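Q: In the numbering used here, the protein residues as written are 37 to 175. C-beta: ideal position from N, C-alpha, C; glycine also. Quantities reported herein were computed from a predicted structural model and do not represent experimental measurements. Next up is a structure, given as structure tokens.
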């Protein structure tokens, strides 16, 4: 694990400015670490419709940054990510955080829990790629 965290924006800023901050933050991470792929959680539906829409916008700028960088983009439903790292699709954030810490043998759990969710998405992507390599090798 090279780095994990969250990109924070200021709630009082206009949405367009916040999305630009997220976009630039993701572009900087891509430039700094040169990843081979981008793993993104599919849209989930929050209880608050506005929250769902804003999260969709944020996800969109992340996808745009990855696409412009030429990265393969892998999208996973939240339940699939949770199942990949915990064995249970309905796992709590705390369970995901715990398993990410154990799987990567980290000294401390990624904080905040949203950072662990991002790491879990990356792990799900790696696990799927490894599984597909094994299937291909068995042919």
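1) State the start and end residues of the unbroken beta strand (DSSP E) segment that holds residue 168.
2) Classify residue 133 as buried or exposed, calling it buried when 16 or more other Cβ atoms lie within 10 Å of its own Cβ.
3) So what does DSSP say about residue 77, is it helix, strand or coil?
4) Closest to residue 149 by CA distance: which of 160, 90, 99 and 136 is it?
5) At what residue ranges does the stretch 42-101 contain a whole run of the alpha helix (DSSP H), taking only runs of 4 or more?
6) Helix, strand or coil: which one does DSSP assign to residue 130?
7) Out of curiosity, what's the CA-to-CA distance linking residue 95 and residue 76?
A: Looking at the coordinates:
1) Unbroken run through residue 168 is the alpha helix (DSSP H), 149-174; no beta strand (DSSP E).
2) Residue 133 comes out buried.
3) Residue 77: strand per DSSP, three-state reduction.
4) Nearest to residue 149 by C-alpha distance, out of 160, 90, 99 and 136, is 136.
5) Fully enclosed alpha helix (DSSP H) runs of 4 or longer: 51-69.
6) Looking at residue 130 - three-state DSSP - the assignment turns out to be helix.
7) Whole-angstrom Cα-Cα distance: 8 Å.
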